[in-house]
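Everything below concerns the one structure shown next.
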């Protein structure tokens, strides 16, 4: 029973939805801004449910012995149910948004559709996901915009403190996405998907991840100098250290559970550290 619940939470993308909401909350806290309304977070959670469940409802290939793919193939009705729940949350929340939000959300929705659904006008590679380099930068930029810009767009311009938060978030999400690309190197190479690990090799991809962690810490130091908040800096330092440990751990234990709970879980850990430190 516990295993089935864990699979539902992880493979049904409920966990990643919570991670998204947590990162949005973190953004407001590190910029010392008021939190958003409940409807905003319900929208973010619902949109994440739709995007990820839609992706896995149509997904046909994955790493060898992927427990997530097997679960998805055996539980497609669950994916469709969660997509419906996500759509309901999104529609209900839309009534609290302004006109300019709809333009932004329409663009995000279109990119999300193009990422997972094979509708691009190409002979073979019909999804953004099929184009390796474009895939990771699109995914990371979407995450950075949704979790770093969207929660505070009504409060801030492109000032230095916000730019630091946005750049740091971009780097952090890039590291996590790179880990998934490293895991998928074999299947990506087989399908001629030119991801970073396929192009430069797994060893250099890990080196790139470690370099990006250093850049993440340097940006955190810059944020500390800018606002003098040691609590937030400590949260970033601890999350970077934990991410380093999880990267090393994932080298030995290359399972869906490790990646979904531990690698993706670094987002929830970082946000939780900021939230606890802000109490």
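Numbering (the working numbering), first residue to last: -6 to 272. We treat Cβ as the ideally placed atom computed from N, Cα and C, and that holds for glycine.
- In the three-state DSSP reduction, residue 272 falls in the coil class, being neither helix nor strand.
- Boundaries for residue -6: no alpha helix (DSSP H) harbours it, and the DSSP string shows neither H nor E there.
- Here the alpha carbons of residue 192 and residue 186 stand approximately 9 Å from one another.
- Between the stretch 133 to 143 and the stretch 173 to 183 there are fewer than three C-beta pairs closer than 8 Å, too few to call the two in contact.
- The stretch 137 to 155 makes contact with the stretch 23 to 30, as at least three CB pairs between them are under 8 Å.
- In the displayed model, residue 103 falls within a helix according to three-state DSSP.
- If one requires a minimum length of 3 residues, no beta strand (DSSP E) run lies completely within the stretch 6 to 45.
- DSSP places residue 197 in the helix class (H, G or I) of the three-state scheme.
- A Cβ-Cβ separation of about 5 Å places residue 157 in contact with residue 216 under the 8 Å criterion.
- Rounded to whole angstroms, the Cβ separation of residue 83 and residue 39 is 4 Å, and the two are in contact under 8 Å.
- Contact check for residue 175 against residue 199 passes: the beta carbons are separated by less than 9 Å.
- Straight through space, the alpha carbons of residue 78 and residue 85 are spaced by roughly 11 Å.
- The beta carbon of residue 247 lies closer than 7 Å to those of 176 in the same chain, with the five residues before and after it left out.
- The shortest C-alpha to C-alpha distance from residue 209 to any of 30, 241, 239, 161 is the one to 161.
- Three or more Cβ pairs drawn from the stretch 252 to 268 and the stretch 6 to 26 lie within less than 8 Å of each other, which places the two stretches in contact.
- Here the stretch 67 to 77 makes contact with the stretch 45 to 54; the two share three or more CB pairs at distances below 8 Å.
- Excluding its 5 nearest sequence neighbours in each direction, residue 235 has C-beta neighbours in its own chain below 7 Å: 259, 262, listed in chain order.
- If only complete runs of 4 or more residues are kept, the stretch 171 to 217 shows the alpha helix (DSSP H) at 178 to 183, 189 to 193, in order along the chain.
- Under a 10 Å Cβ-count criterion, residue 139 is classified as buried, with 16 or more other Cβ atoms of the shown protein chains found around its own Cβ.
- Here DSSP, grouped into helix, strand and coil, assigns residue 52 to coil.
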